[in-house]
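Residue numbers (the numbering used here): 23 to 469.
Take a look at the structure below.
Here is the structure:
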């Protein structure tokens with residue numbers, strides 16, 4: 023997300039390096055470009071204007087510290103400004119228990135999926151979530167929530183015979199109490215657009231269950247329309263927080279940068295993918311770092327801790343140290359990495375790597391490599407030298423690829439094995455010469 027905005031802002035900031043002092047003259051052109059970048063990212067024009075004015079007041083006339091460059095100083099100023107724009111500080115849910123959360127939004131915003139995602143996230147932190155199907159108009163919504171609840175082992179309640187949403191909510195409270203749940207999430211019905219019936223139904227449900235949190239699930243890819251939807255809901259039912267979804271596919275990010283300033287309602291969670299694990303607590307400072315191409319190491323470490331098996335990591339470290347790394351290990355590493363996220367999302371969290379342009383087919387190449395290795399027997403993965411012509415043809419047919427691709431993968435893996443053996447010994451210089459030779463031959467473009 024924010025690829026275009028990140029690219030433009032980092033380009034502007036790069037041009038400020040080498041300036042001895044931040045002045046009105048050398049800042050004017052740069053801030054014009056920052057403003058243009060924000061507007062092209064679909065940030066609300068008033069929000070963009072106020073942001074630029076605030077940054078200009080902070081920058082002009084400031085003495086540059088001896089230990090840092092003007093470019094670094096303005097990055098800090100803009101980073102803090104973006105964090106403030108996004109909301110400042112992680113916003114916690116109410117500590118009330120049992121906690122009643124009403125999920126509202128329009129059709130297609132990802133409301134039902136977000137209900138299950140939030141339930142999974144809260145369960146991970148020791149809570150006992152219970153999800154309630156209150157969408158009586160779309161039968162698929164009830165079934166979808168039930169499937170996701172079973173998948174994530176969440177408490178679930180529905181009443182497919184009733185159309186009385188407030189009554190369903192009241193019965194669900196009794197069922198949740200019997201199940202000893204401490205968090206109850208109500209998945210309400212949506213509409214194609216905000217109308218009187220939708221608002222009235224949500225109001226009646228609010229009166230019946232008296233929620234502690236009312237979270238609007240808004241499609242981040244809608245840009246300014248998501249801001250307008252948030253304003254309408256907030257005026258009608260007083261939202262306590264926002265969940266922005268589909269940020270993995272939104273290259274502009276205008277909604278995220280505008281919605282807090284315009285509505286005054288904090289963003290509490292963001293959806294970053296289709297899987298139930300692609301859901302994060304919203305941290306404004308971390309997102310500001312990502313936007314400026316500074317990465318987000320904290321979030322990356324947190325994801326790694328949640329997904330990577332510690333014993334497996336220690337075993338792999340030992341194998342690498344002994345240069346005993348085979349295709350079976352490589353497959354295990356790819357599968358571990360997939361749990362953390364896509365290649366592009368991981369790159370975006372590494373400082374200085376968010377602007378790096380990956381090949382368009384990088385994800386496909388990784389899947390293809392995985393398919394090739396999975397078409398091998400365990401013995402073949404451990405001993406690449408046993409792969410003769412007939413075996414390679416069988417593997418290619420099994421993976422649905424050309425034999426050339428199988429040969430390429432094996433060749434590149436063998437090159438990597440040689441480098442690892444060099445690293446094991448004292449041949450560092452020899453290893454560097456080997457790397458340069460491989461580059462010259464067009465090798466080491468490993469999947």
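The beta-carbon is built from N, C-alpha and C at its ideal position, and this holds for glycine as well.
Being a predicted model, the structure only gives us computed values, none of them experimental.
Item: Please confirm if the segment 299 to 318 is in contact with the segment 398 to 412, defined as three or more CB-CB distances below 8 Å between the two stretches.; Value: no
Item: Verify whether the separation of the beta carbon atoms of residue 122 and residue 233 is less than 8 Å.; Value: yes
Item: Quick check: what's the CA-CA separation for residue 27 versus residue 416?; Value: 46 Å
Item: Find the nearest neighbour of residue 70 within the set 79, 58 and 80, judged by alpha-carbon distance.; Value: 58
Item: What's the call for residue 169, buried or exposed, on a 16-neighbour Cβ count within 10 Å?; Value: exposed
Item: To the nearest angstrom, how far is it from the Cα of residue 199 to the Cα of residue 150?; Value: 11 Å
Item: Within its chain, find whatever has a CB closer than 8 Å to the CB of residue 225; leave out the 5 residues flanking it on each side and keep chain order.; Value: 258 and 259
Item: Excluding sequence positions up to five away, which residues of its chain have a Cβ less than 6 Å from the Cβ of residue 205?; Value: 121, 144, 149 and 151
Item: Can you tell which of 181, 99, 67 and 214 has the C-alpha that lies nearest to the C-alpha of residue 81?; Value: 99
Item: What residues match up with residue 121 in a beta bridge as DSSP calls it?; Value: 205
Item: Nearest-angstrom Cα distance between residue 155 and residue 119?; Value: 20 Å
Item: Return the CA-CA distance between residue 30 and residue 207, expressed in angstroms with no decimal places.; Value: 40 Å
Item: By a C-beta neighbour count over all protein chains shown, 10 Å radius and 16 as the cutoff for buried, is residue 157 buried or exposed?; Value: buried
Item: Kindly confirm or deny that the segment 100 to 109 and the segment 170 to 188 touch, where touching means at least three C-beta pairs closer than 8 Å.; Value: no
Item: Who are the near neighbours of residue 113 in its chain, counting only those whose CB is closer than 8 Å to its CB and skipping five residues on each side?; Value: 263, 288, 289, 290 and 304
Item: Quick one: grab the DSSP three-state call for residue 494.; Value: Outside the shown range of the chain (23 to 469) lies residue 494, about which nothing can therefore be said.
Item: Is the beta carbon of residue 239 sitting closer than 8 Å to the one on residue 216?; Value: no
Item: Quick check on this structure: which residue in 66, 68 and 78 has the alpha carbon closest to the alpha carbon of residue 47?; Value: 78
Item: Go ahead and label residue 54 buried or exposed: buried means 16 or more other beta carbons lie within 10 angstroms of its beta carbon, across all protein chains shown.; Value: exposed
Item: Whose CA, out of 279, 197 and 267, lies closest to the CA of residue 64?; Value: 279
Item: Report the three-state DSSP secondary structure of residue 236 (helix, strand or coil).; Value: strand
Item: Residue 290 by DSSP, collapsed to three states: which one?; Value: strand
Item: Taking all protein chains shown into account, do 16 or more other C-beta atoms lie within 10 angstroms of the C-beta of residue 192, making it buried, or fewer, making it exposed?; Value: exposed
Item: Straight-line CA distance for residue 21 to residue 357?; Value: In this structure the chain extends from 23 to 469, so residue 21 is not present and cannot be described.
Item: Would you call residue 182 buried or exposed, if buried means 16 or more other Cβ atoms sit within 10 Å of its Cβ?; Value: exposed
Item: Note down the Cα distance separating residue 418 from residue 430, rounded to an integer number of angstroms.; Value: 12 Å
Item: What does DSSP give as the partner residues of residue 156 in its beta bridges?; Value: 210
Item: Hey, residue 242 and residue 133 are a contact pair by Cβ (cut 8 Å); roughly how many whole angstroms apart?; Value: About 13 Å; that fails the 8 Å criterion.
Item: Could you have a look at residue 302 and say whether DSSP puts it in helix, strand or coil?; Value: strand
Item: Going by DSSP in three states, residue 28 sits in which element: helix, strand or coil?; Value: helix
Item: In the DSSP assignment, what are the bridge partners of residue 179?; Value: 154
Item: Secondary structure at residue 231, three-state DSSP: helix, strand or coil?; Value: helix
Item: Rounded to whole angstroms, what's the CA-CA distance from residue 86 to residue 103? Just pull it up for me.; Value: For residue 86, the pLDDT reaches just 48, beneath the cut-off of 50, and the residue's location in the model is therefore unreliable, although a value from the coordinates is still provided. Taking the straight line from one Cα to the other gives about 18 Å.
Item: Quick check: residue 210 and residue 153, are their CB atoms within less than 8 Å of each other?; Value: no
Item: Is residue 245 helix, strand or coil when you go by DSSP?; Value: coil
Item: Identify the residues that DSSP records as bridge partners of residue 265: which are they?; Value: 239 and 291
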